[in-house]
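The structure appears below as C-alpha cells.
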Amino acid sequence: MAVQPNPRGMVIAGWILSAIPTLMLLSGTYFALSGAPMVAEGIAHAGYPVSLVKTIGLIELVCGVLYLIPQTAFYGALLITAYMGGAVATHLRIGEKQWVVGVVFAFVIWVALAMRDSRLRAFLTGK
Numbered sequence: 022m023a024v025q026p027n028p029r030g031m032v033i034a035g036w037i038l039s040a041i042p043t044l045m046l047l048s049g050t051y052f053a054l055s056g057a058p059m060v061a062e063g064i065a066h067a068g069y070p071v072s073l074v075k076t077i078g079l080i081e082l083v084c085g086v087l088y089l090i091p092q093t094a095f096y097g098a099l100l101i102t103a104y105m106g107g108a109v110a111t112h113l114r115i116g117e118k119q120w121v122v123g124v125v126f127a128f129v130i131w132v133a134l135a136m137r138d139s140r141l142r143a144f145l146t147g148k
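In terms of the numbering used here, the sequence shown has 141 at position 120, counting the first letter as 1, and numbering is strictly consecutive.
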C-alpha cells in the first residue's frame, strides 16, 4: 500500500483541529495541577478520591504532550482515547449526559491525526 503525501492544507487543518482538544486537555492539566477547587469538586462528584486529582492532571499532560509530538502522536491518541473511555464510563455511571463529549473528543482526536499523518489515513481508508 503506497502512502500518498499529505496536502499542505490538510496538514494545517489537522494541526488546527488537533489544537482544540489538546488545549482543552492541557487546560485541564493546569487546573488539576494548580489545585483548583472546581477540579476537586468534580472528582469527588464523580465518586473518585480527591487524592487522584494530581495523578489525573499528570495523565492529561502526558497524553497531550505525546499527541503533539509527531513521532508519538499515535500513542498519544491511543492514550487520550483510553482516558476519554474512562470519562465516558464515569459520566454514564453517575447518570450525566455529558458522556457524549468524550466520544466526540476522541473522534476529533483521530480525525485530526489522520489529517496530519498520511500513514494513518492510508491505514484507516485501506489505500
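Quick reminder that beta carbons are idealized off the backbone N, C-alpha and C, glycines included.
Inset, instruction - Tell whether a beta-carbon distance below 8 Å holds between leucine 87 and glycine 97. - result: Residue mapping note: residue 87 aligns to position 66 of the sequence shown, counting from 1. Residue mapping note: residue 97 aligns to position 76 of the sequence shown, counting from 1. Yes.
Inset, instruction - Look at the alpha carbon of glycine 49 and the alpha carbon of threonine 43, and state the distance between them as a whole number of angstroms. - result: Mapped onto the sequence shown, residue 49 falls at position 28. Mapped onto the sequence shown, residue 43 falls at position 22. Going by the C-alpha atoms only, they are around 10 Å apart.
Inset, instruction - Taking only the alpha-carbon atoms, compute the straight-line gap between leucine 141 and isoleucine 37 and give it to the nearest angstrom. - result: As a position in the sequence shown, residue 141 is number 120, starting the count at 1. As a position in the sequence shown, residue 37 is number 16, starting the count at 1. Straight-line Cα distance between these residues: approximately 18 Å.
Legend entry - Candidates Leu145, Phe144 and Met136: closest to arginine 29 by CA position: Counting from one through the sequence shown, the residue named residue 29 turns up at place 8. Looking from the CA of arginine 29, the closest CA among Leu145, Phe144 and Met136 belongs to Met136.
Legend entry - Straight-line Cα distance separating isoleucine 41 from serine 55: Walking along the sequence shown from the start, residue 55 turns up at place 34. Walking along the sequence shown from the start, residue 41 turns up at place 20. Cα to Cα, the separation comes out at about 21 Å.
Inset, instruction - Could you tell me whether the region 55-66 touches the region 99-111, using the rule of 3 or more Cβ pairs below 8 Å? - result: Taking a contact to require three or more Cβ pairs closer than 8 Å, the region 55-66 and the region 99-111 do not qualify as touching.
Inset, instruction - Drop a sphere of 10 angstroms on the beta-carbon of alanine 53, count the other beta-carbons inside from all chains shown, and report buried for 16 or more, exposed for fewer. - result: Taking the first residue of the sequence shown as position 1, residue 53 is located at position 32. Buried: at least 16 other Cβ atoms inside 10 Å.
Inset, instruction - Take aspartate 138 as the anchor and find which of Phe95, Phe128, Leu47 and Leu100 has the nearest alpha-carbon. - result: Taking the sequence shown and counting its residues from 1, the one referred to as residue 138 is at position 117. Comparing Cα positions, the closest option is Phe95.
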